[in-house]
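Just so you know, we're using the numbering used here here: the sequence shown kicks off at 14 and counts up by one. Just so it is clear, CB atoms sit at the ideal spot from N, CA and C, and this is done for glycine as well. One structure is given below, encoded as structure tokens.
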Amino acid sequence: MANFFYALACLVVLSPTLLSMPSATSYAPFEPNDKDRIQFAFNLEFFEAEFFLFGALGKGIDAIDPDFANGGPPPIGAQKAELDPVSRQIIEEFGYQELGHLRAIIQSVGGIPRPLYDLRAQNFAGVFDEAIGYKLDPPFNPYLNTVNYLLASYVIPYVGLVGYVGTIPNLANFTSRSLVASLLGVEAGQDAVIRTLLYERAHEKVQPYNITVAEFTTGISNLRNKLGNTGIKDEGLIVPLKLGAEQKTSSNILSADADSRSYARTPPELLRIIYGTGSEYKPGGFLPNGGNGNIARSFLHKV
């Protein structure tokens with residue numbers, strides 16, 4: 014049944030601009046196995062590793078162990094961020110954790126080439142403009158200071174978290190489920206730390222904008238919901254009481270559903286978000302040439 018719904022999701026075209034494209038129904042449905050599902054996670058794990066390592070150290074995977082990249086190109090525009098000492102240590106730890114995740118997946122199911130990532134400040138600026146609904150002046154720069162970098166980091170681990178939650182029920186064997194559950198635990202922890210650091214500043218205005226930290230997180234979460242196009246699976250740091258835990262609090266340090274369970278997303282939803290196009294068939298955003306692995310490439314082959 015899970016494979017049926019996954020195949021059905023692959024046939025959905027969200028963006029009106031894609032209506033003129035050839036129908037994907039003329040292709041046989043792609044049936045991913047455990048290896049394909051786990052390797053799809055590389056698209057997020059590479060992203061996190063490069064962003065965190067560059068942010069803390071000014072260097073990425075290639076400077077530490079280029080074999081992880083499996084011949085894939087280095088990211089565009091990644092750079093060291095101006096972080097306070099505590100935040101820099103946390104982000105450095107996260108970067109090393111992502112290397113461990115890459116190693117664990119490679120040892121379990123094998124690697125894939127690192128896709129091309131666009132981590133330039135102006136690419137993040139475009140995301141934040143869309144999240145807020147107008148062009149920020151000056152353009153948002155994730156590397157400028159600690160608050161900006163934490164807000165940019167808010168964009169990433171949560172997407173991996175909900176992806177792993179959505180993956181586990183579809184895995185066939187115990188070894189696969191055990192691996193992904195262990196990766197999920199750390200991704201959830203990273204997201205919780207980032208959200209907590211931001212919540213401490215929730216009502217602070219992000220300079221030089223007249224926008225609070227909490228308002229930025231709400232905008233980013235709303236954008237991800239819009240791009241994913243499957244309802245509310247993402248919430249900012251402060252929510253209406255009806256969306257808070259047991260409808261008794263507006264704080265939302267951990268984003269969860271009405272029963273405080275993690276939301277789940279499918280690979281098509283994740284691609285719509287990280288491409289920034291609202292379509293798993295149309296690359297862009299942080300992955301200008303599209304993701305790698307059989308699942309991500311299967312959508313590109315249908316265009």
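Euclidean distance between Cα positions of residue i and residue j
| i | j | result |
| --- | --- | --- |
| P170 | E44 | 27 Å |
| N223 | T231 | 15 Å |
| E63 | G73 | 5 Å |
| P151 | G303 | 29 Å |
| P253 | T159 | 27 Å |
| V226 | K148 | 17 Å |
| D75 | G68 | 14 Å |
| A277 | G241 | 11 Å |
| R274 | P128 | 31 Å |
| R237 | L163 | 17 Å |
| L313 | T262 | 43 Å |
| E259 | N235 | 21 Å |
| N56 | F153 | 24 Å |
| Q120 | F81 | 11 Å |
| A91 | I77 | 15 Å |
| S268 | P79 | 35 Å |
| K218 | F229 | 10 Å |
| T188 | A144 | 38 Å |
| Y156 | L112 | 21 Å |
Same chain, Cβ closer than 6 Å to residue i, five either side skipped, listed in chain order
| i | result |
| --- | --- |
| L174 | E200, A201 and D204 |
| F107 | F65 and Q203 |
| R208 | I266 |
| P280 | F53 and I308 |
| S166 | I207 |
| P86 | L129 |
| G71 | K93 |
Residue i (DSSP reduced to helix, strand or coil)
| i | result |
| --- | --- |
| T225 | strand |
| I169 | coil |
| S273 | coil |
| K261 | coil |
| V140 | helix |
| K48 | helix |
| M34 | Confidence at M34 is low in this model, with a pLDDT of 37, below 50, so the placement of that residue is unreliable and no value is reported for it. |
| I251 | strand |
| K148 | coil |
| K218 | strand |
| S191 | helix |
| S268 | coil |
| T290 | coil |
| E213 | coil |
| P126 | coil |
| A94 | coil |
| P155 | coil |
| G306 | coil |
| I74 | helix |
Strand pairing of residue i, partner residues [DSSP]
| i | result |
| --- | --- |
| L300 | G297 |
| I89 | D131 |
Buried versus exposed call for residue i [16 or more other C-beta atoms within 10 Å across all chains shown]
| i | result |
| --- | --- |
| H216 | exposed |
| Y146 | The sequence as given places Gly at residue 146; Tyr does not occur at that position. By the neighbour-count rule (16 or more Cβ atoms within 10 Å), G146 is not buried but exposed. |
| V99 | exposed |
| I233 | buried |
| D270 | exposed |
| H114 | buried |
| E213 | exposed |
| D47 | buried |
| D97 | exposed |
| Q110 | buried |
Same chain only: Cβ atoms within 8 Å of residue i, ignoring 5 sequence neighbours per side
| i | result |
| --- | --- |
| F299 | F60, Y130, D131, L132, N136, I287, Y288 and G289 |
| L197 | L174, Y177, V178 and I181 |
| A117 | L192, S195 and L196 |
| R190 | I181 and L184 |
Residue-level contact to chain C via CB, residue i, 8 Å cutoff
| i | result |
| --- | --- |
| I145 | Of the protein chains in the structure, only one exists, and it is not chain C. |
Same chain, Cβ closer than 7 Å to residue i, five either side skipped, listed in chain order
| i | result |
| --- | --- |
| D49 | G306, N307 and I308 |
| E282 | G241 and T243 |
| I103 | V206 |
| P88 | E63, G73, Y130 and L132 |
| N83 | G124, I125, P126 and R127 |
| F141 | L149 and F153 |
| I245 | N238 |
| L284 | E293, G304, A309 and F312 |
Residue i beta carbon near the ligand ZN (any heavy atom closer than 7 Å)
| i | result |
| --- | --- |
| V226 | Because no ligand of any kind appears in the structure shown, any question about the ligand ZN cannot be addressed here. |
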